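To keep things clear, I will list the structure first and then write my remarks on it.
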Amino acid sequence: MKTTYISTQAASTASRLSILKMQTELAKNTKELSSGRWADVGLELGNKTGRTISLRQDYQRLDAIRDTNGLVASRLDTSQAALDGVLKNAQDFAASLIAVRSGKVGAEVIADDAKNNLQSLIASLNTSINGEYLFAGINTDVRPVADYYATPTSTTKAAFDSELASYCTSVGAATPGDLSASDLEAFIDVNLAGLFDAASWSDPATGWSSASSQNVKSRISTSELIETSANANDAAFRKLAMAYTMISELADSGLSEKAYQTLIDKTAQIVGDATVDVTVVKARLGTAQERLSNANGRIKAQMDILNRNINNFEQVDPMEAQTRISALETQLDMAFALTSRMQQLSLLNYL
C-alpha cells in the first residue's frame, strides 16, 4: 500500500504556479486588447500566416511609394513655383521691349532690366530642395547653371565677349556700337545663336550648363514610371538666357537707332518663343502632378483594401478580449485569496 503525502507547501506551490500562468495569460490578453492584434499571429493563424505576411509586404511597398510620392510632389510644386517666376519675368520683359522700341531713351533701363532678369533666371534654374537641384536633370547633386556675372570674369561671359570682339573685327567695326543693323542681325542669328545652341550651352569648358538633359523619373505606383523634373538644357531657358544676355550687353552700347530697333525686334521674337516653350514645360510638369495625384488616390484605395484584409486575419475581437481579461482577473483574485489562506494554516492552531 502506497501513501502519498500532501503538504501545505506543495499545495501552496501549485497555487503559485497557477497564478504565474494566469498572469502571463492576462498580460497577453491585455496586449491584444490595446493593440487590437493577436499577440502571436503565427500561433493563432497557423498555416494562414503566409497570407497575412504577403498582405503586409504589399501594404508596406505601397506605403513606401506613397512616402516617395510626397517628396516628388514637393519637388514638382517647387519647380512650378520657380517656373511661374521665370514666365512672369519673361512676359514683363516682353512688355518692356515694346515700350522702349520707339527710341533709345530707355536703353539703359532695359539693359539693367535684362541683367536683373538673367540673374533671376540663373537663380531659378539653380533652385534646390533637400540638397537636390531641381533643374539639373539626373545630375541632382550638381549646380546646373554657371553664374554669368561671377567674378573674376566667368567663362560664359568671356566666351560672349570673345565672340563679339571677333565678329566686330571681321566686319570692320571698331566697337559694338558701330555695327550696322544687318551686321547685328547676322551676329544674333549666327554667332550668338551658336553660343546658345544645345552643344555650346553644355560645353564643359565654356558652356552655361552642367545639367543632364535626361530628366528624373519617379515610380509613382507599382505600374507607373514617369518624368517628374525639367532640366536647364531645355530650349526655353537657352532662349531666355540669350535674350537677356544680348540686351544687357548691347542695348546700351551706342548702337544706331536702326540697329537698336533690330536688337529689340530680334529679342522680342526670341522672348515670345521662349514664353511659349516655358508654358510647355509647365504643362508637362502639370501633367506629372495630375498623374501623381491620381496615383496617390489609387494607392490609398489599395492600402485600405489591404488593411481590411489584414485585419480580417489578425484583428482581435475587443469584446472577447475584455471578457477573457475580466475572467482572468476574477480567477487571480480567487487564487490570491486561496494562497493567502493556505499560508496561514499551521498545526499550532490545532494543538
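In our numbering, the protein residues as written are 4 to 354. We treat Cβ as the ideally placed atom computed from N, Cα and C, and that holds for glycine. Just so we're clear, the structure is a prediction, and the values are computed from it rather than from any experiment.
- For R222, the pairing in a beta bridge is given by DSSP as L228.
- Rounded to the nearest angstrom, the gap between the Cα atoms of N142 and I132 is 14 Å.
- For I191, the closest alpha carbon among the candidates S205, A201, L253, N234 is that of L253.
- For Y170, the enclosing alpha helix (DSSP H) covers residues 158-174.
- Assigned with DSSP and collapsed to three states, Y136 falls in strand.
- For Q217, no alpha helix (DSSP H) segment is defined, and its DSSP state is neither H nor E.
- Ranking Y247, S205, R287, E188 by CA distance to the CA of Y263 puts E188 first.
- Counting only residues of its own chain and dropping the five nearest sequence neighbours on each side, I267 has a CB closer than 6 Å to the CB of L100, R104.
- F240: member of the alpha helix (DSSP H) spanning 238-253, first to last residue.
- The beta carbon of Y247 sits closer than 6 Å to those of A117, N120, L121, all from its chain and outside the five residues before and after it, given in chain order.
- Linking L295 to E260 through their CA atoms gives a straight-line distance of about 52 Å.
- Around the Cβ of P207, a 10 Å sphere holds fewer than 16 other Cβ atoms; the residue is exposed.
- Per the coordinates, the alpha-carbon of G88 lies some 15 Å from the alpha-carbon of A286.
- C-alpha of I308 to C-alpha of V75: approximately 25 Å in a straight line.
- Nearest in C-alpha terms to D66, of all of L167, R146, N299, is N299.
- Just so you know, the alpha carbons of Q292 and M245 end up roughly 30 Å apart.
- Closest in C-alpha terms to D95, from the list R327, A330, K303, A277, comes A277.
- Using a 10 angstroms sphere on the CB of M322, the tally of other CB atoms stays under 16, which defines it as exposed.
- Sequence-distant partners of L228 (beyond 5 residues in either direction) whose C-beta falls short of 8 Å from its own C-beta, in its chain, are K220, S221, R222.
- DSSP places V112 in the helix class (H, G or I) of the three-state scheme.
- The C-alpha of P179 lies about 7 Å from the C-alpha of L258.
- A93 places its beta carbon less than 9 Å from that of L243.
- Here S212 carries a strand assignment [DSSP, helix/strand/coil].
- Nearest neighbour of Y136 by Cα position, chosen from Y151, L79, A161, R64, turns out to be L79.
- When the beta-carbon positions are compared, T209 and T154 stay at least 9 Å from each other.
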